[in-house]
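The sequence shown begins at 2 in this note's numbering and counts up one residue at a time.
Where a beta carbon is used, it is the ideal one built from N, C-alpha and C, also for glycine.
None of the values given here were measured: they were computed from a predicted structure.
Structure first, then comments.
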Amino acid sequence: MKWLKALRVGHPRICLFGRSFSAPRTSTHILCPQSIRIHHLHSTTTRHFHLHPTLNAVRGILFTPKSIPTSARRMIPMADSIQVGNVEIVAVLDMIPPPRDPTIFIRDHPREAWAPYEDEVLENGLLQLYYGSFFVRSQGKIILVDTGMGPGPHAHLENRTGDLIGQMRAKGVAAEDVDIVIHTHLHPDHVGWNVDSSGDTDKPYFPGAQYLGPRKDWEHFMQPDVLPEASHISENVIPLNDLGLIEFIDDGHNVTDEITTLETPGHTPGHQVILISSQGEKAAIIGDLIHNPVQIYEPDWCAFVDTSPEDTRRSRKAFMDRAEREEMLVAAGHFHPDRHVGRFARLEGRRYWQAV
2 MKWLKALRVG HPRICLFGRS FSAPRTSTHI LCPQSIRIHH LHSTTTRHFH
52 LHPTLNAVRG ILFTPKSIPT SARRMIPMAD SIQVGNVEIV AVLDMIPPPR
102 DPTIFIRDHP REAWAPYEDE VLENGLLQLY YGSFFVRSQG KIILVDTGMG
152 PGPHAHLENR TGDLIGQMRA KGVAAEDVDI VIHTHLHPDH VGWNVDSSGD
202 TDKPYFPGAQ YLGPRKDWEH FMQPDVLPEA SHISENVIPL NDLGLIEFID
252 DGHNVTDEIT TLETPGHTPG HQVILISSQG EKAAIIGDLI HNPVQIYEPD
302 WCAFVDTSPE DTRRSRKAFM DRAEREEMLV AAGHFHPDRH VGRFARLEGR
352 RYWQAV
């Protein structure tokens, strides 16, 4: 597929997928395939661009493996804040861990199998994850989805430190402002800012929040043969339970009228996606259902930390089918911050990631 510089934008806002996102006032090139028909509407204050591919009626800018060089991808304006109906989703980055050999994280596939996707999904030949979270404003409440790796320093991560609360504060939200903390699952990099143990007594980092976690994860990690190897549960979940601050929830839990949970087991027994539906628009915060875009192209590829790879594959495929069918906006916290919000799309029978 040939790619071309489709638009030169000198206006402060760009409309993608029917929404306006802030963009730099300086001119920016947006790349799109020649198969896309481009129409634009002009007003005196804002220029909106509506991009309509000819295949499968997919809306937006379509990215494919090896289609866009890294230097060009950096030119595409991305948004830290996304509006979904009346709900606002804001991205915050806790920490960037050290990169790793991709065959250590996804072990059943040799290095050569990554070759078709390498330019798109690896950084300098290595798998780079990001420990990102999202907070959501819904019906007057601030809901934090996952609490990152925690302050650290973390010896097993080259003594790197987290900055979730600092990043939230920079975006106008103090720890005291959070009403609800919900966990997609109970792994160390998703519960790290739960409990402050630096003083004489344990206390929550988010003192005004009701914490929510998957019941099946709690039951799994509390098993006598599992808990000794799960120090993060002893440090960041059990103290909340002892303080009466965490509720363990099941599939289909209503967080607000606009936010519900969807059980997607496999990575952990109770892993859940956070679904958002408001004013006819839909989105999902997917936790570790997908760690890296390569798993969109190869949905059978599983991380070594998955509790049940078979369940992971089934959950991942079912969710991607639904998200594509319902045109959901998808937020993936482990993706690169420039490309962690997007949609699934198909071209010539293959599914791709459309970053927005």
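- With a beta-carbon spacing of about 5 Å, I297 and W354 fall inside the 8 Å limit used to define contacts.
- Beta-bridge partners of L228 (DSSP): none assigned.
- Take the alpha-carbon of G86 and the one of I181: they are about 20 Å apart.
- Remark: three or more beta-carbon pairs, one from each stretch, lie closer than 8 Å, so the stretch 252 to 272 and the stretch 305 to 320 are flagged as touching.
- Per DSSP, L213 lies in no alpha helix (DSSP H); the unbroken beta strand (DSSP E) holding it starts and ends at Q211 to P215.
- Spanning the alpha carbons of V146 and R314 requires a straight line of approximately 23 Å.
- For M321, the enclosing alpha helix (DSSP H) has its first and last residue at P310 to R326.
- Ranking I183, N255, P229 and D252 by CA distance to the CA of L241 puts I183 first.
- For N125, the number of other beta carbons within 10 angstroms of its own is below 16, and it is reported as exposed.
- A324 and P111 have their C-alpha atoms roughly 29 Å apart.
- Inclusion of W302 and I97 in the CB contact set at 7 Å is not warranted, their separation being larger than that value.
- Secondary structure of E248 (DSSP, three-state): strand.
- When rounded, the separation of the alpha-carbon atoms in P117 and E349 is 17 Å.
- DSSP links N255 through a beta bridge to T261.
- Under the three-state reduction of DSSP, V174 is assigned to coil, being neither helix nor strand.
- Non-local C-beta neighbours of K318 in its own chain, meaning closer than 6 Å and more than five positions away in sequence, comprise P300, ordered along the chain.
- When only Cα atoms are considered, V93 and D81 end up about 8 Å apart.
- Assignment of beta-bridge partners to W302 by DSSP yields no partner.
- A direct Cα-to-Cα measurement between I247 and A114 gives close to 42 Å.
- DSSP, reduced to helix, strand and coil, places L241 within a helical segment of the structure shown.
- For S278, the CB contacts under 7 Å within the same chain, skipping 5 residues up- and downstream, are E259 in chain order.
- With distances taken between CA atoms, R170 lies nearest to V91 out of A332, V91 and M329.
- Distances from the CA of G288 to each of G149, P225 and Q140 were compared; the closest alpha carbon is that of G149.
- DSSP, reduced to helix, strand and coil, places L165 within a helical segment of the structure shown.
- Here DSSP, grouped into helix, strand and coil, assigns I105 to helix.
- Comparing alpha carbon positions, the residue from H188, D109, L263 and F136 closest to I234 is H188.
- Collapsing the DSSP output to three states places A114 in a helix.
- Comparing alpha carbon positions, the residue from E119, M321, F249 and D201 closest to H221 is F249.
- From the listed residues L127, E121 and D120, the smallest Cα separation to I105 is found for L127.
- With fewer than 16 neighbouring CB atoms inside 10 Å of its own CB, S199 falls in the exposed class.
- With respect to G334, G193 sits apart: the two C-beta atoms are not nearer than 7 Å.
- D243 and G153 have their C-alpha atoms some 23 Å from each other.
- In the DSSP assignment, V274 is bridged to L263.
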